[in-house]
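Working notes for the structure below.
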Amino acid sequence: MKQNNIFFRYFSPVAAQQKLYVAALVALLSSSAYEAEAQVGEPFIHDPSTIAQCDGKYYTFGTGEGGIWSEDGWTWQGGAVRPGRGAAPDVLKIGDRYLVAYSTTGGGLGGSHRGDVLTMWNKTLDPKSPDFKYTEPVVVASSLDDEDCDAIDAGLLLDPTTGRLWLSYGTYFGFIRLVELDPKTGKRMEGNEPVNIAIDCEATDLIYRNGWYYLLGTHGTCCDGPNSTYNIVVGRSRKITGPYVDNVGREMLQGGGKMVIAANNLKTGPGHFGRYIEEEGVEKMSFHYESDFRQG
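For the sequence shown, the numbering used here assigns the number 294 to the initial residue and increments by one for each residue that follows.
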């Protein structure tokens with residue numbers, strides 16, 4: 294699968310074999326000008342997860358198996374370990390453990406929309422640690438060929454106001470859906486039914502800020518190099534279950550979404566948003582570009 298570079302940016306919340314980029318989160322949400330910064334070393338990964346910190350190091354996982362890590366959050370190398378292969382993972386620290394969610398098939402991969410989202414735990418993300426061991430994965434969401442949703446592209450949010458754990462998932466093939474997980478076990482809450490919260494996007498992620506829940510999704514087409522049309526859009530809601538509305542009043546469940554990251558003259562196809570909280574008041578976002586013309 295084509296790789297991309299990872300980028301960071303102050304959103305105050307990037308990675309693709311596509312390359313990882315980072316930017317400031319506040320700037321994006323406030324519509325301020327920004328510039329994502331390409332990471333260095335070997336920041337090559339496809340569909341990057343949220344970046345997690347563990348014992349002073351930074352980790353992000355991607356489609357396939359494994360991921361990349363960094364000692365300073367800037368220079369990256371291979372070596373992060375995530376079993377299970379699958380696609381578009383996410384990672385979240387809860388207490389003193391790390392919850393990893395990933396998808397198997399779905400998304401039209403192999404001609405099928407049949408898939409599962411699974412979760413598993415680890416005490417550490419450092420494969421050299423004696424405590425490094427993933428638990429057996431459990432299925433928390435599924436899709437069949439005749440459903441109007443794909444069980445792929447997991448995004449995790451631990452609500453800071455309630456302590457409840459939420460998983461968003463889905464692609465262009467139908468709805469983006471939201472389910473509640475048990476923050477102690479990582480399993481689906483018994484009896485919890487999925488809620489449809491958006492259409493016409495994929496690779497969603499949820500964040501909470503100042504009384505608002507923000508739903509970020511990736512719109513457009515991917516995996517076609519400079520011809521990719523990926524861009525990142527956002528809507529917000531007072532409730533985690535929606536409705537999520539953009540800046541002109543369009544609901545994301547009706548195809549709305551304010552564009553916050555788009556292609557420019559040198560890079561195309563930004564997608565797979567993730568947020569990293571560096572310290573209080575300082576948040577960054579990560580994502581990948583499908584093609585960075587400066588990288589060849």
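All C-beta atoms, glycine included, are put in the ideal place defined by N, C-alpha and C.
Take Gly542 and list the residues in its own chain whose beta-carbon comes closer than 6 Å to its own, dropping the five residues that flank it on each side.
-> To locate residue 542, count along the sequence shown from 1; it is residue 249. Cβ within range, chain order: n/a, list empty.
By the 10 Å Cβ neighbour count, where 16 or more other Cβ atoms means buried, how is Asn557 classified, buried or exposed?
-> Working through the sequence shown from its first residue, we reach residue 557 at position 264. A residue is called buried once 16 or more other Cβ atoms fall within 10 Å of its Cβ, and Asn557, having fewer, is exposed.
Could you give the residue range of the beta strand (DSSP E) that holds Asn347?
-> Against the sequence shown, residue 347 aligns to sequence position 54. Rather than Asn, the amino acid found at residue 347 in this sequence is Cys. Start and end: 345-347.
Tell me whether Ser422 is buried or exposed, calling it buried when 16 or more other Cβ atoms sit within 10 Å of its Cβ.
-> Along the sequence shown, read from residue 1 onward, the residue named residue 422 stands at position 129. With fewer than 16 other Cβ atoms from the protein chains shown falling within 10 Å of its own Cβ, Ser422 counts as exposed.
Using three-state DSSP, classify Gly518 as helix, strand or coil.
-> Stepping through the sequence shown from its first residue, residue 518 is reached at position 225. Gly518: helix per DSSP, three-state reduction.
Evaluate Lys426 with the Cβ neighbour count: other Cβ atoms within 10 Å of its Cβ, from every protein chain shown; 16 or more gives buried, anything less gives exposed.
-> Here residue 426 is taken as the residue at index 133 of the sequence shown, counted from 1. Lys426 should be labelled exposed.
Check whether Cys494 and Thr478 have beta carbons under 7 Å apart | Position 201 of the sequence shown, counting from 1, holds the residue named residue 494. Position 185 of the sequence shown, counting from 1, holds the residue named residue 478. In this structure, Cys494 keeps its C-beta atom at 7 Å or more from the C-beta atom of Thr478.
How about Gly550 and Tyr523: do their beta carbons lie closer than 7 Å?
-> On the sequence shown, position 257 is the one that residue 550 refers to. On the sequence shown, position 230 is the one that residue 523 refers to. No, they are not a contact pair.
List in chain order: all unbroken beta strand (DSSP E) runs of 3+ residues lying wholly within the segment 523-585.
-> Listed in chain order, the beta strand (DSSP E) runs fully inside the segment 523-585 are 524-530, 551-554, 560-572, 575-585, counting runs of at least 3 residues.
Please report how far the alpha carbon of His406 lies from the alpha carbon of Thr417, in whole angstroms.
-> Against the sequence shown, residue 406 aligns to sequence position 113. Against the sequence shown, residue 417 aligns to sequence position 124. In a straight line, the C-alpha of His406 is about 32 Å away from that of Thr417.
How would you write the range of the beta strand (DSSP E) that Glu429 sits in, first residue to last?
-> Residue 429 sits at position 136 when you count from the first residue of the sequence shown. First-last for Glu429: undefined, no H or E at that position.
Within 10 angstroms of the Cβ of Asn614, are there 16 or more other Cβ atoms? Answer buried if so, exposed if not.
-> Here the chain comprises residues numbered 294 to 589, so residue 614 is not present and cannot be evaluated.
What three-state label does DSSP hand Asp340 in the structure shown?
-> By 1-based counting over the sequence shown, the position of residue 340 is 47. Asp340 falls in the coil class under three-state DSSP.
Own chain partners of Gly513 with C-beta closer than 6 Å, once the 5 adjacent residues on each side are dropped = For the purposes of this step, residue 513 is identified with residue 220 of the sequence shown, where counting begins at 1. Here the set comprises Thr522, Tyr523, Asn524.
In whole angstroms, what separates the C-alpha of Ser530 from that of Ser342?
-> Here residue 530 is taken as the residue at index 237 of the sequence shown, counted from 1. Here residue 342 is taken as the residue at index 49 of the sequence shown, counted from 1. Distance from the CA of Ser530 to the CA of Ser342, rounded to the nearest whole angstrom, comes to 23 Å.
Is Ile469 helix, strand or coil when you go by DSSP?
-> As a position in the sequence shown, residue 469 is number 176, starting the count at 1. Looking at Ile469 - three-state DSSP - the assignment turns out to be strand.
Between the CA atoms of Ser363 and Trp369 - distance to the nearest angstrom | Taking the sequence shown and counting its residues from 1, one reaches residue 369 at position 76. Taking the sequence shown and counting its residues from 1, one reaches residue 363 at position 70. If you draw a straight line from the Cα of Trp369 to the Cα of Ser363, it is about 5 Å long.
Are Asp409 and Ala380 touching if we call contact CB-CB under 7 Å?
-> For the purposes of this step, residue 409 is taken as residue 116 along the sequence shown, with counting starting at 1. For the purposes of this step, residue 380 is taken as residue 87 along the sequence shown, with counting starting at 1. Not a contact, by the Cβ cut-off of 7 Å.
For Gly463, which of Glu544, Ser435, Pro420, Thr454 has the nearest alpha-carbon?
-> By 1-based counting over the sequence shown, the position of residue 463 is 170. Selected option, being the one with the closest Cα: Ser435.
Do you know how far the Cα of Gly548 is from the Cα of Thr454?
-> In the sequence shown, counting from the first residue as 1, residue 454 sits at position 161. In the sequence shown, counting from the first residue as 1, residue 548 sits at position 255. Taking the straight line joining both Cα atoms gives about 28 Å.
Who are Arg481's beta bridge partners in DSSP?
-> Within the sequence shown, residue 481 is the residue found at index 188, counting from 1. Beta-bridge partners assigned by DSSP to Arg481: Leu474.
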